[in-house]
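These notes are about the structure you will find just below.
2 protein chains.
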Amino acid sequence: MPSYTAPTKDMQFLLHDVFKITEADIPGYEELERDFTGAILEEAGKISSEVLQPLNAVGDTEGCTLENGVVRTPTGFKAAFEQVKEGGWTGLDMPEAYGGQNMPYVLGTAVGEMFSASNQAFTMYQGLTHGAASAILAHGSEAQKDTYLPKMVACDWTGTMNLTEPHCGTDLGLMRTRAEPQEDGSYKITGQKIFISAGEHDMADNIIHLVLAKITGGPEGIKGVSLFIVPKFLVNEDGSLGARNGVACGNIEEKMGIHGNSTCVMNYDGATGYLLGQEHKGMRAMFTMMNEARLGVGMQGLAQAEAAYQNAVVYAKDRLQGRAVTGVENPDGPADPLIVHPDIRRSLMDQKSFTEAARAFILWGATMIDRAHRADDKDADGLISLLTPVIKGFLTDKGYDMTVQAQQVYGGHGYIEEWGMSQFTRDARIAMIYEGANGVQALDLVGRKLAQDGGKHVMAFFDMVKSYIKENAGQNEALDRDFLEPLKAASKDLQAAGMYFMQNGMKNPNNALAGSNDFMHMFGHVCLGLMWARMAKTSADALAAGTDDAAFHETKLATGRYYMARQLPATAMHLARIQTGADTVMALDAASF
Amino acid sequence: MPSYTAPTKDMQFLLHDVFKITEADIPGYEELERDFTGAILEEAGKISSEVLQPLNAVGDTEGCTLENGVVRTPTGFKAAFEQVKEGGWTGLDMPEAYGGQNMPYVLGTAVGEMFSASNQAFTMYQGLTHGAASAILAHGSEAQKDTYLPKMVACDWTGTMNLTEPHCGTDLGLMRTRAEPQEDGSYKITGQKIFISAGEHDMADNIIHLVLAKITGGPEGIKGVSLFIVPKFLVNEDGSLGARNGVACGNIEEKMGIHGNSTCVMNYDGATGYLLGQEHKGMRAMFTMMNEARLGVGMQGLAQAEAAYQNAVVYAKDRLQGRAVTGVENPDGPADPLIVHPDIRRSLMDQKSFTEAARAFILWGATMIDRAHRADDKDADGLISLLTPVIKGFLTDKGYDMTVQAQQVYGGHGYIEEWGMSQFTRDARIAMIYEGANGVQALDLVGRKLAQDGGKHVMAFFDMVKSYIKENAGQNEALDRDFLEPLKAASKDLQAAGMYFMQNGMKNPNNALAGSNDFMHMFGHVCLGLMWARMAKTSADALAAGTDDAAFHETKLATGRYYMARQLPATAMHLARIQTGADTVMALDAASF
């Protein structure tokens, strides 16, 4: 069975050596001393390896079952959930006023990677609750916050997000779920929602559904959508649970993976709901959750890749097959370990150089969210808004590719379920789909985010990369050659693609949209290239200063050189594709497919 | 549920318009008139759509079960197998002397694509039998052929290939299964083999296992491996079934996909076996099957991509989400179909332009096998030997990517099992692994095939591409620009990569092997580019000649232009990676991963 070791050291390196978080001018960051974050990450790593990871295969094998409207989670999930709750992990970055610990989002993200890597299906119960609580925090009345947040922060009550209906996924304007206003100010919600993760289960006393619906008589389409709180059990004035509400799980889906999480069809039959935020502004309220949720999904892409990579390394070192072409390396054994073979190395280096940079990218993104929220920094908000589709789309596409590569290291043993590598691949697949399929992320990036605020944020990004290169060039020949020059070339490719869109997207927007997937990928590469440049600089400085952990920093530099040499050149291919425009993409009639 | 329509028209175009098979100087090809192949393909398409495809989901859901040593195949498999047998499909390209129809391999390959696309797990029972029968045909004594082939050609008895053991997959020199010579000339086979597809099941009267084992006292390592025929039931002199042999299925594996095929642990406990071919030459005999088997697996990569693509198209046309950015296209509906969106187009064009060229590549490869076998053409044999790892590795890597893209078109509906898209992805995954994992294919290509016969075959390949471009250039400006020039550029990239290997592989073979995966992929792109150039020329000529099927040929040209513009430029990226050599790939100690 697979194992998982939390990458605590790598996270500490990023938080303290690369991003120097305690020096950042963000309220709350001054408390994040190295020892403090180290202790928290150590503890989170322990629970991940010892409690969550051993349940990962159990969840996959048993799945969830629905009987008489009751969903049973896999053996051991409930006890583990209690343990996570007791450890205070569910409220790590939630306000103290509601029982949380008020830690910055960046720390919650680091812990989230560990939890997701060790058991994605399990961690989603908590993750969805976090998202729903964040929406109530941002848009709820004081009474709503007081009623729901303490319970949700503790995960005594869990939360869900209800968007999709059978006939509408991305296009929520087509929504049919209705909200009928009642005399007491509440609404009667009627309709069917599908793909509701954690929609029904046996680990919480109550489930707080956030449901998008159209108020009768409101505007047509997306402009008439409002957001409602629909608790499974109505809540009495004193906070105790009242009557069962008119919402029920009609079915749970058989899925490719994340079997441990119940994906429910939820039927609302005149269920009592309470407006969250303003009438007809449901999409805005939902999007509060969405940016965080999308960063969280990007993090899942990284997390599965990391877990799969760790196990691929174990196997590559253990499994004896063939001999190194450059001479026997394990003379006492019947064969050399897989890891001597160059193509196995290539695969492991692909994985390692991706996960380490992806982790940097995610944590960097999380600091921007903190800066936006805690320091009310509009530029940080704009930048993370621009980068969100890149984090979600690129990291889940690549993260999936990496789990497939890790699985491949196992040969036939990767295909059978016994070794657990298939589960990583099957679980990772969902991240490319939910919270907006990756094609929608690419569309969001190219169709909306590039031009947002007059293109201000993408210009700021390019300026930042340019400044970084300028400030750091000429100090270290090896860094210039191996990191800054490739980054400059990749960034130029990205700018050329943006320029192509500007020049050709006006006459035909398809010229931009046909390149949206390529643009998202090249943007991702540039971001990871930037992360590698920053990590390399940090490690080169540490080595120059005579660090006593030279092996760590040498490895970091070698891994970064691999990425810059072998992965970053993909930007040229993406640019070449983009510059062919929409002609070949849109040439055929629909009937010709 | 998914559906499948056999691409008969496309196959006919390839066989007759592009490859002009009846004019090829290959014995047996003169019979392959258009009407004749059309009738066969039509019939095969019918059985695929109506009999095999409806059982595909059944096989996935039910899987195989093992009880008291008996493996039960999914509901309906046995009846369908009888139908396939009665139709004579199992012996299509087998010799008439053994009950076959003596059709060329190319026709068997076209039919094989249909069967695999409609039900891969089911078709493997027949496919393994074909492989085992081919080995007996090539290496068996007359008596062995007479005993086994008539039954195997009819699939009354099925066959298996037994290579892998728990501790050795690719490195068969580590094999532990023993063959003890007996006085009557037979052997007692003892050992355990794993991952044996169709190792035990309820659809045949007997199962003929081909088993690699080491004869006691023979040479060490791979040089001491021999191949044995080990029937499940011993066969009496009169051909009737005798005693149960000492071979049993100990377990069947839980797998990511191909659930309808039983993947068995086979225990040989002093089982009676008969030497097939020469003592200690087992690998050579096994490799007879292997080239065909690898082409067959490449074909599976195409087949799953084709089936998945067809269903992605159906969904993209049906599902209404959002509006075209260039103006409403379905004004009477609540939204436009997915297919109006450029990124959905991009995905469908990726898939379509891949599958059509992959089909051409496979059929072209099959003509080489026919030419080698039927016309005893050593050059054809050398060329297909060079291209086999490309067909297997590139087409299954890309085929898998394409099933993932097709699944992605379905959004959340692609992740749940109900729609069948997950099965395409899960089934397609195995093709990257079995018959030699794709890393082994890349190693075979770069480490063995490039230098085979003094590099003669790769030089012949480059000459062929060059000649093709030279002969066809300057006749049609659009063809030159859209097809020949990109092909020339890609071919130059491939040659530059080969040159890099020659110049740098000498001092350190890792400089070549670190680029083996990239080389395999760029070789695949050049082959598909060549296929598109040939198809485009055919279609351009047809249009110039005033064909009455202009729509088909226009679509062909547009699809090809997409591939040349959007996919072929990948060769530059692969070259750039290759030219960075082994340094970054091999930089780390094993302990640093």
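In order, the protein sequences belong to chains V and P. Everything in the first sequence is counted per the working numbering, starting at 1 for the first residue and increasing by one. Everything in the second sequence is counted per the working numbering, starting at 1001 for the first residue and increasing by one. The beta carbon of each residue, even a glycine, is placed where N, CA and C say it ideally should be.
**Asked** Is the region 1211-1219 of chain P touching the region 1253-1262 of chain P, taking contact as three or more C-beta pairs under 8 Å?
**Response** No: the two stretches stay apart, fewer than three of their Cβ pairs being nearer than 8 Å.
**Asked** Should V:T388 and V:N438 be called a contact, given that it needs their Cβ atoms to be closer than 8 Å?
**Response** Cβ atoms of V:T388 and V:N438: not closer than 8 Å.
**Prompt:** Any idea what DSSP makes of P:Y1315, helix, strand or coil?
**Reply:** For P:Y1315, the three-state secondary structure derived from DSSP is helix.
**Message:** Once the 5 residues before and after P:G1108 are set aside, which same chain residues still bring their CB inside 7 Å of it?
**Reply:** Hits under 7 Å: L1092 and D1093.
**Prompt:** Touch check for the region 1537-1550 of chain P and the region 1469-1483 of chain P: three-plus C-beta pairs under 8 Å?
**Reply:** A contact exists between the region 1537-1550 of chain P and the region 1469-1483 of chain P.
**Message:** Looking only at its chain, what residues have a beta carbon closer than 7 Å to the beta carbon of P:G1199, apart from the 5 residues adjacent to it on each side?
**Reply:** Cβ within range, chain order: T1160, C1249, S1262, C1264 and M1266.
**Prompt:** If you count every other CB in all the chains shown that lies within 10 Å of the CB of P:K1020, and 16 or more means buried, which is it?
**Reply:** Answer is exposed; the Cβ neighbour count stays below 16.
**Message:** With distance defined between alpha-carbon atoms, name the residue in P:L1066, P:Q1405, P:Q1192 and P:N1236 nearest to P:D1269.
**Reply:** Of P:L1066, P:Q1405, P:Q1192 and P:N1236, the residue nearest in Cα terms is P:Q1192.
**Asked** Are the beta-carbon atoms of V:T147 and V:T90 separated by less than 8 Å?
**Response** In this structure, the beta-carbon distance from V:T147 to V:T90 does not fall below 8 Å.
**Request:** At 8 Å on the CB atoms, spell out the chain V contacts of P:V1585, in chain order.
**Result:** The contacting residues are P342, R345, R346, M349, Y562 and R566.
**Request:** Give a yes or no on whether 8 Å exceeds the smallest Cβ distance from V:S134 to chain P.
**Result:** Answer no: the Cβ-Cβ gap between V:S134 and chain P never drops below 8 Å.
**Prompt:** If P:A1080 sits next to P:L1055, beta carbons under 8 Å apart, how far is it from one beta carbon to the other, in whole angstroms?
**Reply:** Under the criterion of beta carbons closer than 8 Å, P:A1080 and P:L1055 qualify as touching, at roughly 6 Å.
**Message:** Tell me which residues of the region 428-443 of chain V have at least one Cβ-Cβ distance to chain P shorter than 9 Å, keeping chain order.
**Reply:** Taking 9 Å as the upper bound on Cβ-Cβ separation, chain P lies near residues R429, I430, M432, I433, Y434, A437, N438, G439, V440, A442 and L443 of the region 428-443 of chain V.
**Whole beta strand (DSSP E) elements within the region 465-547 of chain V, 3-residue minimum** = Runs of the beta strand (DSSP E) lying entirely within the region 465-547 of chain V, each at least 3 residues long, are absent.
**Within chain V, partners of P:A1572 - CB distance below 7 Å** = Per Cβ cutoff of 7 Å: A572 and M573.
**Item:** Supposed close pair P:L1487, P:G1529 - CB separation, criterion 8 Å
**Value:** Confirmed, about 5 Å.
**Request:** Kindly say whether P:R1481, judged by its beta-carbon, lies nearer than 8 Å to any beta-carbon of chain V.
**Result:** Not an interface residue.
**Asked** So, using beta-carbon positions, are V:M402 and V:Q351 closer together than 8 Å?
**Response** By the CB criterion at 8 Å, V:M402 and V:Q351 fall inside the cutoff.
**Any chain P beta carbon closer than 8 Å to V:P569** = Taking Cβ atoms only, chain P reaches closer than 8 Å to V:P569, which makes this a yes.
**Message:** According to DSSP, P:W1157 sits in a beta bridge with which residue or residues?
**Reply:** When DSSP reads this structure, P:W1157 sits in a beta bridge with P:N1206.
**Request:** Please confirm whether V:V446 and V:A496 have their CB atoms less than 8 Å apart.
**Result:** No; because the gap between Cβ atoms is not below 8 Å, this pair is not in contact.
**Request:** State yes or no: is the beta carbon of V:G393 nearer than 8 Å to at least one beta carbon in chain P?
**Result:** For V:G393, the answer is no, since every Cβ of chain P falls outside 8 Å of its Cβ.
**Item:** Which of helix, strand or coil DSSP assigns to P:V1328
**Value:** In the three-state scheme derived from DSSP, where H, G and I count as helix and E and B as strand, P:V1328 is classed as coil.
**Selected residue, minimal CA-CA separation from P:A1271, among P:V1211, P:T1326, P:G1301 and P:G1224** = Of the listed residues, the one whose Cα sits closest to P:A1271 is P:V1211.
**Message:** Taking 6 Å as the limit between beta carbons, can you name the residues of its chain near V:A204, skipping five residues before and five after?
**Reply:** Listed in chain order, the non-local C-beta contacts of V:A204 below 6 Å within the same chain comprise W157 and T158, local neighbours out to five positions each way being set aside.
**Prompt:** Helix, strand or coil for P:A1271 per DSSP?
**Reply:** Note: P:A1271 maps to strand in three-state DSSP.
**Asked** Pick from V:A285, V:I416, V:G296 and V:Y309: whose alpha carbon is nearest that of V:T123?
**Response** Selected option, being the one with the closest Cα: V:G296.
**Request:** Look at the Cβ atom of P:L1348, then the Cβ atom of P:V1325, and state whether they are nearer than 8 Å.
**Result:** It is not a contact, given that the beta carbons lie outside the stated cut-off.
**Asked** Name the DSSP bridge partner or partners of V:S186?
**Response** In the DSSP output, where bridge partners are listed per residue, V:S186 has none listed.
**Runs of alpha helix (DSSP H) lying entirely within the region 1395-1455 of chain P, each at least 4 residues, in chain order** = Listed in chain order, the complete alpha helix (DSSP H) runs (minimum 4 residues) inside the region 1395-1455 of chain P are 1412-1415, 1421-1429 and 1438-1443.
**Beta-bridge partners of P:L1276, as assigned by DSSP** = According to DSSP, P:L1276 bridges with P:L1227.
**Asked** Within 8 Å (strictly less), CB to CB, does V:S592 reach chain A?
**Response** Considering every chain present, this structure includes no chain A. Its protein chains are V and P.
**Asked** Taking contact to mean at least 3 C-beta pairs separated by less than 8 Å, is the region 585-593 of chain V in contact with the region 1575-1593 of chain P?
**Response** Not touching, per the Cβ criterion.
**Request:** Would you kindly work out how many angstroms separate the C-alpha atoms of V:A375 and V:S385, rounded to a whole number?
**Result:** Roughly 16 Å between the two C-alpha positions.
**Asked** According to DSSP, which residues form a beta bridge with P:S1197?
**Response** DSSP output for P:S1197 lists P:T1263 as bridge partner(s).
**Asked** Where do the ends of the alpha helix (DSSP H) carrying V:V71 lie?
**Response** Here V:V71 belongs to no alpha helix (DSSP H); instead the beta strand (DSSP E) covers V70 to R72.
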